[in-house]
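*Asks:* This is the structure I have questions about; it appears just below.
Number of protein chains: 2
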Amino acid sequence: MDSFAELMRKRRSVRSYLDKPVPCDDIRAVLEAARLAPSARNRQPWHFVVVTDERRRSKLAEICGQQQFVAEAPVVVVAVATESERIMTCDIPAYPVDLSIAVTQMILAAAERGLGTCWIGYFDQEEAAKFMQIPDDHKIFTVLPLGYPADEPVDKERRPLADMVSFEVFGGSREGTK
Amino acid sequence: MDSFAELMRKRRSVRSYLDKPVPCDDIRAVLEAARLAPSARNRQPWHFVVVTDERRRSKLAEICGQQQFVAEAPVVVVAVATESERIMTCDIPAYPVDLSIAVTQMILAAAERGLGTCWIGYFDQEEAAKFMQIPDDHKIFTVLPLGYPADEPVDKERRPLADMVSFEVFGGSREGTK
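Structure, rendered in structure tokens:
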């Protein structure tokens with residue numbers, strides 16, 4: 011397969027999907043990528059709901075601010091945090107970290123199979139949780155459409171490494187520290 | 011290279027490191043993996059401090075609750091969130107998501123090169139930020155040692171897929187929905 015660098019470059023957010031089913035084995039491989047993710051204290055505080063029903067996908071698109079491509083995708087995975095209260099010692103909430111690792115592995119596993127995804131954070135938490143019948147102490151983390159891309163890749167601009175890396179201390183240069 | 015599934019299985023948390031330098035090109039490739047990460051609205055709200063100085067690594071080990079392997083690793087990357095206030099529409103804070111995607115790509119890029127990492131959330135935020143000279147409105151996201159593993163792989167147990175996946179609604183079975 012591609013090198014991991016190539017895989018990362020292949021992954022992109024897809025906002026238009028073909029009307030073409032996703033093989034079950036590929037859906038399983040994408041879920042398996044989440045299953046293999048590391049999590050703080052190996053708690054695996056996640057659950058994934060696979061939505062394929064057309065009416066339910068349409069309703070999810072509506073809940074995601076009328077983003078119609080959510081309904082276009084033949085599969086929508088709703089990622090759920092099953093613990094949402096724990097804060098790590100470093101004062102950062104644990105669930106967005108654990109869930110993000112799992113979802114990142116999913117989107118990369120999807121990209122490896124030529125499948126597109128789009129990590130959606132634009133939805134009403136309460137409305138989505140009610141529609142998906144999520145328990146009160148859980149939280150919907152993201153809505154992730156999954157399918158074959160119908161749009162053209164758009165390269166997002168990235169800041170150069172020199173703008174986001176320093177040495178030894180924040181803002182420290184390589185020269186000052188060697 | 012390995013398939014992505016093999017790469018995910020190869021990645022593990024390493025808590026003992028060889029006294030063997032990490033080539034600059036590999037450090038660069040690991041940082042490049044963060045640079046390529048997607049982020050909400052492409053804000054790329056991150057900064058990475060590469061620490062190689064031995065005394066500074068020792069101090070970081072101390073700040074991370076005396077986890078001595080932090081000092082053992084020849085390189086420690088301190089990942090910093092440069093925005094820590096933004097909340098997404100879905101009521102989830104944005105910075106742990108953006109930073110987690112970047113760090114996940116880093117740990118996988120490291121694993122591809124035979125390098126070990128350990129995602130550390132056990133440190134005092136205030137003490138670490140002061141030591142690393144982090145601006146007040148930033149937050150240290152994780153301390154990530156990077157080096158060649160000296161310990162034996164331990165397989166962490168994972169829940170089976172059937173325990174973490176349902177269909178159409180939370181708790182829904184495949185049978186009920188098809």
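As given, the protein sequences belong to chains A and B, one line each in that order.
So in this note's numbering, the last spot in the first sequence is 188, and the numbers never skip.
So in this note's numbering, the last spot in the second sequence is 188, and the numbers never skip.
Every residue, glycine too, gets a C-beta built ideally from N, C-alpha and C.
Nothing here was measured: the structure is a model prediction, and the numbers come from that model.
Tell me which residues share the same chain as A160/B and place their Cβ nearer than 6 Å to its Cβ, disregarding the 5 neighbours each side in the sequence.
*Replies:* S26, Y27, L28
*Asks:* Please report whether the beta-carbon of Y27/B lies at a distance below 9 Å from any beta-carbon of chain A.
*Replies:* no
*Asks:* In the stretch 51 to 83 of chain A, which residues sit with their C-beta less than 8 Å from some C-beta in chain B, listed in chain order?
*Replies:* N52, Q54, W56, H57, F58, V59, V60, V61, T62, D63, R66, G75
*Asks:* Within the same chain, show all residues whose beta-carbon is closer than 8 Å to that of Y132/B, passing over the 5 residues directly before and after it, in chain order.
*Replies:* Non-local C-beta neighbours of Y132/B in its own chain, meaning closer than 8 Å and more than five positions away in sequence, comprise C74, G75, Q77, ordered along the chain.
*Asks:* If you reduce the DSSP assignment to three classes, tell me which class S110/B lands in.
*Replies:* helix
*Asks:* Report the residue ranges of all alpha helix (DSSP H) runs contained in full by the stretch 70 to 145 of chain B; include only those spanning at least 4 residues, in chain order.
*Replies:* 79 to 82, 104 to 122, 135 to 142
*Asks:* Quick check on DSSP: helix, strand or coil for L171/A?
*Replies:* helix
*Asks:* Rounded to whole angstroms, what is the Cα-Cα separation between I192/A and E136/A?
*Replies:* Within the shown structure, residues of chain A are numbered from 11 to 188, placing residue 192/A beyond reach of any answer.
*Asks:* Measuring CB to CB, does A91/A end up less than 9 Å from W56/A?
*Replies:* yes
*Asks:* In terms of residue numbering, what span does the beta strand (DSSP E) encompassing V40/B cover?
*Replies:* Taken as a continuous stretch (DSSP letters only), V40/B belongs to no beta strand (DSSP E), being part of the alpha helix (DSSP H) at 34 to 45.
*Asks:* Between S183/B and chain A, is there a C-beta pair that is closer than 9 Å?
*Replies:* no
*Asks:* Could you check if E82/B is buried or exposed, using at least 16 other CB atoms within 10 Å of its CB as the buried criterion?
*Replies:* Here E82/B is buried. Its C-beta has 16 or more other C-beta atoms within 10 Å.
*Asks:* According to DSSP, is K188/B part of a helix, a strand, or is it coil?
*Replies:* Because the pLDDT of K188/B is 49, which lies under 50, any placement of that residue in the model is unreliable, and the number read from its coordinates should be weighed accordingly. In the three-state reduction of the DSSP assignment, K188/B falls in the coil class.
*Asks:* Give the residues of chain A in contact with L125/B, contact being defined as C-beta atoms less than 8 Å apart.
*Replies:* The contacting residues do not exist; L125/B stays about 12 Å from chain A at best.
*Asks:* Please report the Cβ distance between F58/A and V175/B, rounded to the nearest whole angstrom; I am assuming they are in contact, meaning their Cβ atoms lie under 8 Å.
*Replies:* 5 Å
*Asks:* Considering only the beta carbon of each residue, do M142/A and F180/B sit closer than 9 Å?
*Replies:* yes
*Asks:* Would you say V40/A and R123/A are within 9 Å of each other, going by their C-beta atoms?
*Replies:* yes
*Asks:* Who are the Cβ neighbours of A119/B in its own chain at under 8 Å, not counting the five residues just before and after it?
*Replies:* The answer, listed in chain order, is A39, V40, E42, A43.
*Asks:* Can you give me the Cβ contacts of A138/A inside the same chain, cut-off strictly under 6 Å, excluding the 5 residues immediately before and after it?
*Replies:* I73, I150
*Asks:* What does Y158/B touch in chain A if you count any residue whose Cβ is under 7 Å from its own?
*Replies:* None at all; the shortest Cβ gap to chain A is about 18 Å.
*Asks:* Could you pull the start and end residues of the alpha helix (DSSP H) that F14/A belongs to?
*Replies:* 14 to 20
*Asks:* In three-state DSSP terms, what is S68/A?
*Replies:* helix
*Asks:* Cβ atoms of I130/B and V153/B: under 9 Å apart, would you say?
*Replies:* yes
*Asks:* Would you kindly check if the distance between the Cβ of C128/B and the Cβ of V61/B is under 9 Å?
*Replies:* no
*Asks:* Taking CB distances under 9 Å as the criterion, tell me whether V175/A reaches chain B.
*Replies:* yes
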